Each structure stands twice: as C-alpha cells, then as structure tokens.
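A.B. asks: Could you have a look at this structure, given as structure tokens, before my questions?
Protein chains: 2
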Amino acid sequence: MLKFRKIPAETIRRMPRYLRAFSLLGQEGQTYISSQALAGQLHLNPPQIRKDLSYFGDFGTRGVGYPVSDTAQRIREILKLDVAQKAALIGAGRLGTAIASYPGFAMFGFDIAAIFDNSPAKIGKKLAGLTVQNIQDLTGIAEQGIRLAILAVPSESAQTCATLLVDAGVRGILNLSPSWLKVPKRVKVVSIDLAMELGTLLYYL
Amino acid sequence: MLKFRKIPAETIRRMPRYLRAFSLLGQEGQTYISSQALAGQLHLNPPQIRKDLSYFGDFGTRGVGYPVSDTAQRIREILKLDVAQKAALIGAGRLGTAIASYPGFAMFGFDIAAIFDNSPAKIGKKLAGLTVQNIQDLTGIAEQGIRLAILAVPSESAQTCATLLVDAGVRGILNLSPSWLKVPKRVKVVSIDLAMELGTLLYYL
DNA sequence: CAATGTGAACAGCTTCACAGCC
DNA sequence: GGCTGTGAAGCTGTTCACATTG
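This is the structure:
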C-alpha cells in the first residue's frame, strides 16, 4: 500500500505494542510470525494487525508471515525510534524518581538525559546517575538534542512547566498530571491520569 | 433518557473528567455551568458533554445549565465513587512508593488501604502510613472491603500477582505494567504503559 | 431567549471475505 | 495450502440541527 491514506490514530497507538512484541520475539530467536499467532499474544484480531501494518507498506510474506527483526526495525523507523531519543524529565519527586529508573523505556530506545526540578532541596541531588538541575536552566535542552519531555509535577505547576518546555523547543510532552496543557499546535501532548483510569474501573463491576 | 441504551465505553472514560471538573467548580462556589462553558474547560464539544450526561438521565435545566454539586454527586453514584473505595497497592518499589502518596486519588474518594510486596527487604517497612505486607498474605483483603488493586510490579511478576488478586476476590485491577493479564471475565483490567504512550509521541513530530 | 436533550447524518475504526501471492 | 493485503460491509462514536423546556 503506497497510496497516501490517512492512518487512524488508533493504529498509531498500537504500533508500540507491535514493536514490543516483535522485539521480544526477536530476542527469543523467532524469525517469522503470522498475524494469527501475534494476535493471540496481543489479544487482537488478525485482520486488525494486518491492516495496521499494511498502512505502512507490505511487511509480510504471504504463506509465511512477518519477518520478526525486519518488521521490528521498520516499526522503529516509522515511530522514529531507530535512533536513541533523549528525553527530559521534569519533576524529581516520588513519581519522577520512579520514572527516572523505569526500565520499560529502554525497549523503545528512550534515554532520560536530563532531570529538572524547582525545589532547592532536590536541585544538585543525584537521581539515576544524573544531577537534578534547576528548572530555570532547561532553556538549552534543544542544543542537547532533547525534543521530548516527561512531565511529573503537581497539576498546579504543570502548565508553567509546559510553557517553559515549549519555549525551550520541546516537541512532545508526556503529561502525567490531570491538567489540560495549552501548547502551540506544533507540540504534541499525551496525558495520562492514573486516578481517572481507576475511576472508570468500578463502573463495570 | 430512561430507556436502556448501550452506553459507549468512551463516554464512561470521560465521566471521571466530568466529575473532576464539577468537583472543582463546586469548590470554587459555582452553582451552575453550561455545556458550552464546561466544553471550554475540558476541550470537548458541547453536544458531546450533553449527550454523555444524557445517557444517565436529565441532569440539566434548559436555559440554565447543569447544577454543579448535584451533577457531581450523580456522577459519583454512577461511577460508584459516592462511597470511599478501598484499594490494595501491589508493589512497594519506586513506582509503588509514588502511587502510595499520589494526591490525585483523593478527589475520587480512593483510599489505599493495604500495600503488598514480595521482597523481604520491603515487607514490614512503613509506606504512606501503612506497613508493607507479604504478598502471600493478601488472601483476606476481600473481608476488608477491598475490591480494587493497583499493580505496580515488574512485568515478569504481573501475571502471578494478578492471579493472586483474582483468587483474593479483587474485581478491578489497574495494571501499570506492559503485560496483558489473563483474568476471568468478571474481573476488569485497565492497563497503562508509560513507554507505549511515549512511543506514539514522536510519530507526530 | 438561552441552553438542554435527542434523532439523524456523519466520520472513523474494526471486522469480514476473499483475491493475490509465496 | 497458508497467510498476507485490501475493498467493502458493519459497527461504534461524534457532530449537527432543532424541537423542547424553564
């Protein structure tokens, strides 16, 4: 499929899951996998997987399946994860501390390259091998090649930090507070609110 | 709207956001809000809000808007958040530590009532006012009225813990690891994977 | 008159069935 | 024969227009 088709946002959301699955399969030494077998692992339907992958080209071999390491590599390229991506972590509180040493980022090639906080008590401390810097000093992060930020601050400070990040040239923000961030259109924000997710759970009981 | 209509899952996902907004408006002393004003705050479309709320009954007053505290209370009832809900936290590592003291749960009436871990180094330690218990001892949590659990353990242990939780009578699990949890149909799982969310961000740059 | 509640149109996503290829 | 790639059908969720009500 080479035509310019609009790729559903939901497809993009599933791509990292595919990448994780293909990466793990590769580590296990598996060379090919069918959409059916993969669907079994990820609890999706086989045609869903085929359609998703086909938006980006012809990944598979008919009668055989998808080549594990090639497909992993192509998904990395699509998601721009084929080069290690530096991210700044804002907030060195408990949540920031957890994020700083979260092992899951490594699988996607993310590298937390700088940590910032506004509290004098935390500035200068070491966290996951990095020195916590004053949040006022994040102006130069673009020069370090940092285009992503993870925002782990209380919701009162989230907008202030987001504005600082935008001014510092950040292009993507993972927001872990419940607040809506007002940013220019060129900046992409993904928000995760733990309490909100928990809030939906009881409804279904 | 009193008829039995199927309520979209996406509507349920937005309900906690409405609840948060109405709660905050109530704290500010506002008595009524229109769907338009609320839409401005939440960055949604007014008809979306009206339709969502109308699935659960006639909340508003034509010409006036929605009564803030009444609507908040009715959403709490819908989401079963009108009574304080106890939750167990599994995992007393860095992520668990962050969760244990996360202030955002209070707004929805969540109360972390017990913490479990499998590491002898952590069992017996105090965390957010609670003593970390041995994960093997979580069998009795149903008698304490705990029906929810937050799973903050490495992905290798996630399935084992989930099975323990199901056997202990837990009905809802917030899973913070990237693994798929196999549980009986009566148990509802919501999974959040930070790395996956970050993985989608770069695509849009 | 202002703002809700809602059927109907619309858009987006998923599933299906099967043609095409290895 | 087995499995991918894909148009078409089906389904779910969103937006619209407007009738309705305080």
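So the sequence lines, in the order shown, correspond to chains A and B. Take any residue in the first sequence, count from 1 to its spot, add 19: that is its number in this note's numbering. Take any residue in the second sequence, count from 1 to its spot, add 19: that is its number in this note's numbering. Glycine residues also receive a C-beta, built at the ideal position from the N, C-alpha and C atoms. Owing to the predicted nature of the structure, the values given are computational and were not obtained by experimental measurement.
Which residue or residues does DSSP assign as beta-bridge partners of Gln92 (chain A)?
C.D. replies: In the first sequence, the residue the question calls residue 92 (chain A) occupies position 73. Answer is none; Gln92 (chain A) lacks a bridge partner.
A.B. asks: Where does the unbroken alpha helix (DSSP H) through Gln70 (chain A) begin, and where does it stop?
C.D. replies: Here residue 70 (chain A) refers to the residue found at position 51 of the first sequence. The question names Gln, but residue 70 (chain A) in the sequence shown is Lys. From DSSP, the alpha helix (DSSP H) with Lys70 (chain A) extends over 65-73.
A.B. asks: Buried or exposed, going by whether 16 or more other CB atoms sit within 10 Å of the CB of Pro27 (chain A)?
C.D. replies: As a working note, residue 27 (chain A) is residue 8 in the first sequence. Result: exposed.
A.B. asks: Is the distance from the Cβ of Tyr37 (chain A) to the Cβ of Ile94 (chain A) below 7 Å?
C.D. replies: On the first sequence, residue 37 (chain A) is found 18 positions in, with the first residue counted as 1. On the first sequence, residue 94 (chain A) is found 75 positions in, with the first residue counted as 1. In contact: Tyr37 (chain A) and Ile94 (chain A) (Cβ atoms closer than 7 Å).
A.B. asks: Using a cut-off of 9 Å between C-beta atoms, extract the partners of Ile97 (chain A) located in chain B.
C.D. replies: Walking along the first sequence from the start, residue 97 (chain A) turns up at place 78. Within 9 Å Cβ-Cβ: Tyr222.
A.B. asks: Residues in its own chain within less than 6 Å of Tyr222 (chain A) by CB, not counting five upstream and five downstream?
C.D. replies: Taking the first sequence and counting its residues from 1, one reaches residue 222 (chain A) at position 203. Contacts found: none.
A.B. asks: Among the residues of its own chain, which have a CB less than 8 Å from the CB of Ala58 (chain B), if the five just before and after it don't count?
C.D. replies: Here residue 58 (chain B) refers to the residue found at position 39 of the second sequence. The residues are Asn64, Pro65, Gln67, Ile68.
A.B. asks: Roughly how many whole angstroms lie between the Cα atoms of Leu61 (chain B) and Ile131 (chain A)?
C.D. replies: For the purposes of this step, residue 61 (chain B) is taken as the residue at position 42 of the second sequence. For the purposes of this step, residue 131 (chain A) is taken as the residue at position 112 of the first sequence. Between Leu61 (chain B) and Ile131 (chain A), the C-alpha separation is close to 30 Å.
A.B. asks: Among residues of its own chain, excluding the 5 on either side of Leu149 (chain B), which ones have a beta-carbon nearer than 6 Å to its beta-carbon?
C.D. replies: Indexing the second sequence from 1 puts residue 149 (chain B) at position 130. If we look at Leu149 (chain B) and ignore the five residues flanking it on each side, its Cβ neighbours are Ile134.
A.B. asks: Measure from the C-beta of Thr50 (chain A) to each C-beta in chain B and report whether the shortest distance is under 7 Å.
C.D. replies: Along the first sequence, one-based indexing puts residue 50 (chain A) at 31. Chain B, which has no Cβ nearer than 7 Å to the Cβ of Thr50 (chain A), makes this no.
A.B. asks: Shortest alpha-carbon distance to Lys145 (chain B) belongs to which of B:Thr158, B:Leu167, B:Ala161, B:Ala119?
C.D. replies: By 1-based counting over the second sequence, the position of residue 145 (chain B) is 126. Closest by alpha carbon: B:Ala119.
A.B. asks: Give a yes or no on whether 7 Å exceeds the smallest Cβ distance from Leu183 (chain B) to chain A.
C.D. replies: Translated into positions along the second sequence, residue 183 (chain B) becomes position 164. Taking Cβ atoms only, chain A never reaches closer than 7 Å to Leu183 (chain B), which makes this a no.
A.B. asks: Starting from the C-beta of Asp71 (chain A), find all residues in its chain whose C-beta is less than 8 Å away, skip the five residues before and the five after it, and write them out in chain order.
C.D. replies: As a position in the first sequence, residue 71 (chain A) is number 52, starting the count at 1. Cβ neighbours of Asp71 (chain A) beyond the five flanking positions: Thr30, Arg33, Met34, Tyr37.
A.B. asks: Note down the Cα distance separating Leu21 (chain B) from Phe78 (chain B), rounded to an integer number of angstroms.
C.D. replies: Position 2 of the second sequence, counted from the first residue, corresponds to residue 21 (chain B). Position 59 of the second sequence, counted from the first residue, corresponds to residue 78 (chain B). Note that Leu21 (chain B) has pLDDT 48, beneath the 50 cutoff, so the model's placement of it is unreliable and the number below is only indicative. Roughly 12 Å separates the two Cα atoms.
A.B. asks: Would you tell me roughly how many angstroms separate the C-alpha atoms of Ala91 (chain B) and Glu175 (chain A), rounded to the nearest one?
C.D. replies: By 1-based counting over the second sequence, the position of residue 91 (chain B) is 72. By 1-based counting over the first sequence, the position of residue 175 (chain A) is 156. Between Ala91 (chain B) and Glu175 (chain A), the C-alpha separation is close to 22 Å.
A.B. asks: Name the DSSP beta bridge partners of Lys201 (chain A), please?
C.D. replies: As a working note, residue 201 (chain A) is residue 182 in the first sequence. The partner list for Lys201 (chain A) (beta bridge, DSSP) is empty, contrary to what the question assumes.
A.B. asks: Cα separation between Lys25 (chain A) and Ile97 (chain A)?
C.D. replies: Taking the first residue of the first sequence as position 1, residue 25 (chain A) is located at position 6. Taking the first residue of the first sequence as position 1, residue 97 (chain A) is located at position 78. Cα-Cα distance, rounded: 15 Å.
A.B. asks: Which chain B residues sit within Cβ distance under 8 Å of Glu67 (chain A)?
C.D. replies: The residue you call residue 67 (chain A) lines up with position 48 of the first sequence. In the sequence as presented, Glu is not what sits at residue 67 (chain A); that position holds Gln. Simply none; closest approach about 15 Å.
A.B. asks: Ala91 (chain B) versus chain A: which residues are under 8 Å apart at the beta carbon?
C.D. replies: Counted from its first residue, the second sequence places residue 91 (chain B) at position 72. Neighbours of Ala91 (chain B) on chain A: none; closest Cβ ~13 Å, over 8 Å.
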